[in-house]
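Here's the structure we're looking at; comments come further down.
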Amino acid sequence: MSAPSNNEAGAWTGPLSILAGRRLALVVTGGVAAYKAAELTRVWTRAGARVRAILTENAVRFITPLTFEALTGEPAYLSMWSRPQYNIEHIELAAWAEAATVAPATANFLAKMAHGLADDFASTFLLAFSGPTLAAPAMNNRMLSAPATRNNLKTLTQRGVTLLKPDTGLLACGEVGAGRLAEIDVITLTTARALTPQDFAGRAVAVSAGSTWESWDDIRFLANRSTGRMGRELALAAWLRGARVTLIAGPTVPEPPTLPNLIFIRVESTCDLLAALKGTDFDTLIMAAAPADFRPAHRVTGKVKKKVNPPALTLATNPDILKTLPRWVGEVVVGFAAEDDDLVNRARAKLADKNLDLVVANQAGGPGGAFGSPNNHIRLIFRDGTVTELSPRPKFAVAWAILEAVATLHPRTTN
Ligand code: CTP
Numbered sequence: 001m002s003a004p005s006n007n008e009a010g011a012w013t014g015p016l017s018i019l020a021g022r023r024l025a026l027v028v029t030g031g032v033a034a035y036k037a038a039e040l041t042r043v044w045t046r047a048g049a050r051v052r053a054i055l056t057e058n059a060v061r062f063i064t065p066l067t068f069e070a071l072t073g074e075p076a077y078l079s080m081w082s083r084p085q086y087n088i089e090h091i092e093l094a095a096w097a098e099a100a101t102v103a104p105a106t107a108n109f110l111a112k113m114a115h116g117l118a119d120d121f122a123s124t125f126l127l128a129f130s131g132p133t134l135a136a137p138a139m140n141n142r143m144l145s146a147p148a149t150r151n152n153l154k155t156l157t158q159r160g161v162t163l164l165k166p167d168t169g170l171l172a173c174g175e176v177g178a179g180r181l182a183e184i185d186v187i188t189l190t191t192a193r194a195l196t197p198q199d200f201a202g203r204a205v206a207v208s209a210g211s212t213w214e215s216w217d218d219i220r221f222l223a224n225r226s227t228g229r230m231g232r233e234l235a236l237a238a239w240l241r242g243a244r245v246t247l248i249a250g251p252t253v254p255e256p257p258t259l260p261n262l263i264f265i266r267v268e269s270t271c272d273l274l275a276a277l278k279g280t281d282f283d284t285l286i287m288a289a290a291p292a293d294f295r296p297a298h299r300v301t302g303k304v305k306k307k308v309n310p311p312a313l314t315l316a317t318n319p320d321i322l323k324t325l326p327r328w329v330g331e332v333v334v335g336f337a338a339e340d341d342d343l344v345n346r347a348r349a350k351l352a353d354k355n356l357d358l359v360v361a362n363q364a365g366g367p368g369g370a371f372g373s374p375n376n377h378i379r380l381i382f383r384d385g386t387v388t389e390l391s392p393r394p395k396f397a398v399a400w401a402i403l404e405a406v407a408t409l410h411p412r413t414t415n
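Right, dumping it as structure tokens:
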């Protein structure tokens with residue numbers, strides 16, 4: 001599988017780089033959330049996708065085709081009959097698009113999709129389109145839970161349409177309940193996943209990310225410079241490739257969007273991280289975290305006041321998580337090695353000492369250091385002694401390459 005490309009001179013380097021150069025159809029139907037489709041379009045075009053919008057007659061009561069044409073530089077489609085040209089446009093568009101996302105999808109339009117009606121451009125296009133199709137319902141909560149809508153959603157799921165679960169909250173009608181359009185990030189990442197080969201489907205991947213905090217009173221702690229970006233990108237890359245992912249992250253790692261099959265666990269200390277991993281089911285473990293090796297031997301309750309003499313900090317050694325967790329048949333275990341010198345040899349020693357299948361070695365500090373940087377320059381050290389150096393690249397592209405390597409590893413045959 002080819003690595004995702006970057007666009008806009010590398011401005012968009014994260015998971016959405018999957019969308020660069022892709023051809024996306026966005027079907028906008030007539031609900032209040034239609035205005036959010038403009039923001040969705042903006043996010044997609046900024047990620048480098050080509051986007052063509054198709055609006056229903058009712059969508060045009062909320063937003064105009066011109067909005068989408070201006071945002072995308074592509075034609076927006078409305079009527080079957082508006083353009084007197086020879087091409088049969090809905091068929092041509094169905095051949096052009098790589099994925100079709102309906103957002104927002106009204107109850108009426110979902111019913112049309114479920115029953116194969118084709119009485120306007122949008123429904124005719126979808127009937128002619130055989131690629132990945134997604135729908136993000138948005139409507140009143142009672143309309144959503146009505147048996148007819150529920151049946152239609154079931155039919156669409158059985159037919160392979162990916163449904164984006166509506167959020168719960170304040171609805172346009174003033175009621176509170178389920179029916180809000182899913183978040184833009186969630187629609188976008190789910191569309192990106194629909195375009196990604198699912199070579200990690202069926203795998204349960206646990207990724208640890210970031211620094212841990214080791215408190216010495218209730219306010220202060222010891223930590224390190226890891227931001228957790230590498231681990232977060234790894235978790236999202238594995239999710240995009242179809243894995244069920246558990247991301248276990250230290251306090252500074254930004255929470256990822258709420259996605260099905262992506263569990264997010266926040267931890268504070270190295271001992272918390274160990275406990276969380278012990279409670280997680282995985283067949284692939286990627287330890288990208290930089291857990292603190294030491295913790296204060298004594299934690300003071302409350303806040304130590306300045307007027308007392310500076311307290312002497314005595315440190316205790318934290319458990320080595322990779323060494324503590326048992327190995328099981330069928331697992332693949334990947335560690336990182338953050339080194340300031342003799343990178344490859346030290347990483348090799350860690351592979352043996354920690355019983356790993358693969359070590360990702362990177363520079364801990366200095367100008368090329370991985371911590372806090374958007375890029376990473378890694379070497380992959382395999383169990384058979386092979387070393388592969390990757391040129392420096394954005395952390396999402398690094399994550400992709402690490403997963404390429406993981407996909408080639410054979411699961412363990414002994415504990
Ligand atoms: N690691 C771990 N438990 C710890 C510390 C680190 O499991 N208490 C994991 C890291 O997540 C990483 C690997 O071990 O995958 C190597 O981490 P690194 O910080 O490079 O090495 P250390 O084992 O901490 O050894 P040193 O600090 O002496 O280099």
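Everything in the sequence shown is counted per the numbering used here, starting at 1 for the first residue and increasing by one.
Ideal placement from N, C-alpha and C gives every residue a C-beta, glycine not left out.
This structure is a prediction, so every number in the text was calculated from the model and none was measured.
Burial state of residue i (16 or more Cβ within 10 Å)
{"i": "L66", "result": "exposed"}
{"i": "E175", "result": "exposed"}
{"i": "Q363", "result": "buried"}
{"i": "T278", "result": "Correcting the residue identity first, residue 278 is Lys in this sequence and not Thr. K278 comes out exposed."}
{"i": "G302", "result": "exposed"}
{"i": "T386", "result": "exposed"}
{"i": "S123", "result": "buried"}
{"i": "T227", "result": "buried"}
{"i": "V398", "result": "buried"}
{"i": "G372", "result": "exposed"}
{"i": "L313", "result": "exposed"}
{"i": "A11", "result": "Because A11 carries a pLDDT of 39, less than 50, the predicted location of this residue cannot be relied on, and no value is offered for it."}
{"i": "E233", "result": "buried"}
{"i": "S391", "result": "exposed"}
Cα-Cα separation, residue i to residue j
{"i": "L195", "j": "L222", "result": "42 angstroms"}
{"i": "T133", "j": "F294", "result": "50 angstroms"}
{"i": "T155", "j": "L71", "result": "33 angstroms"}
{"i": "A118", "j": "E74", "result": "23 angstroms"}
{"i": "L247", "j": "G160", "result": "27 angstroms"}
{"i": "P310", "j": "A405", "result": "49 angstroms"}
{"i": "A347", "j": "A25", "result": "46 angstroms"}
{"i": "P254", "j": "D120", "result": "42 angstroms"}
{"i": "H90", "j": "D281", "result": "46 angstroms"}
{"i": "V359", "j": "H298", "result": "33 angstroms"}
{"i": "E339", "j": "A401", "result": "20 angstroms"}
{"i": "V267", "j": "N318", "result": "15 angstroms"}
{"i": "I187", "j": "A128", "result": "22 angstroms"}
{"i": "A370", "j": "V300", "result": "33 angstroms"}
{"i": "N7", "j": "P394", "result": "Annotation note: pLDDT 39 at N7 (below 50); position unreliable, coordinate value reported separately. Roughly 12 angstroms between the two C-alpha positions."}
{"i": "I381", "j": "N345", "result": "10 angstroms"}
{"i": "M113", "j": "E57", "result": "16 angstroms"}
{"i": "R203", "j": "V245", "result": "8 angstroms"}
{"i": "P251", "j": "G116", "result": "48 angstroms"}
{"i": "N224", "j": "G210", "result": "9 angstroms"}
{"i": "D217", "j": "G231", "result": "28 angstroms"}
{"i": "P291", "j": "I184", "result": "32 angstroms"}
{"i": "F109", "j": "L126", "result": "11 angstroms"}
{"i": "G31", "j": "A146", "result": "17 angstroms"}
{"i": "A201", "j": "F68", "result": "34 angstroms"}
{"i": "K306", "j": "R46", "result": "50 angstroms"}
Close Cβ partners of residue i (< 6 angstroms) along its chain, the five nearest in sequence each way excluded
{"i": "L285", "result": "A206 and V333"}
{"i": "G169", "result": "R180"}
{"i": "V27", "result": "I54, V102 and A122"}
{"i": "T388", "result": "L380"}
{"i": "Y77", "result": "I54 and F121"}
{"i": "K432", "result": "Residue 432 is absent from the model: the chain starts at 1 and stops at 415."}
{"i": "A243", "result": "F200, R203 and V205"}
{"i": "A38", "result": "T67"}
Sequence-distant residues of its chain with Cβ nearer than 7 angstroms to residue i (five each side left out)
{"i": "S5", "result": "Confidence in S5 is poor, its pLDDT being 46 and thus under 50, which makes the residue's placement unreliable; the coordinate value appears in the next sentence. So the qualifying residues of the chain are S17, A20 and G21."}
{"i": "V329", "result": "R412, T413, T414 and N415"}
{"i": "S269", "result": "T212, W213, E214 and R295"}
{"i": "Y417", "result": "Residue 417 falls outside the range modelled here, since the chain spans only 1 to 415, and no answer is possible."}
{"i": "T258", "result": "V186"}
{"i": "D357", "result": "V332, V333, V334, R383 and L409"}
Counterpart residues of residue i in DSSP-defined beta bridges
{"i": "Y77", "result": "I54"}
{"i": "G169", "result": "G177"}
{"i": "A405", "result": "In DSSP, A405 forms no bridge with anything."}
{"i": "I184", "result": "Partner(s): none; I184 has no beta bridge."}
{"i": "G335", "result": "M287 and V359"}
{"i": "A316", "result": "R295"}
{"i": "N418", "result": "Shown here, the chain extends from 1 to 415; a query on residue 418 therefore has no answer."}
{"i": "V207", "result": "L247 and I286"}
{"i": "E214", "result": "L222"}
{"i": "L134", "result": "T101 and T162"}
Residues of its chain near residue i, where Cβ-Cβ distance is below 8 angstroms and the 5 sequence neighbours each way are ignored
{"i": "P166", "result": "A136, P137, A138, M139, L144, A178, G179, R180, L181 and A182"}
{"i": "A276", "result": "I248, I265 and V267"}
{"i": "S130", "result": "A94"}
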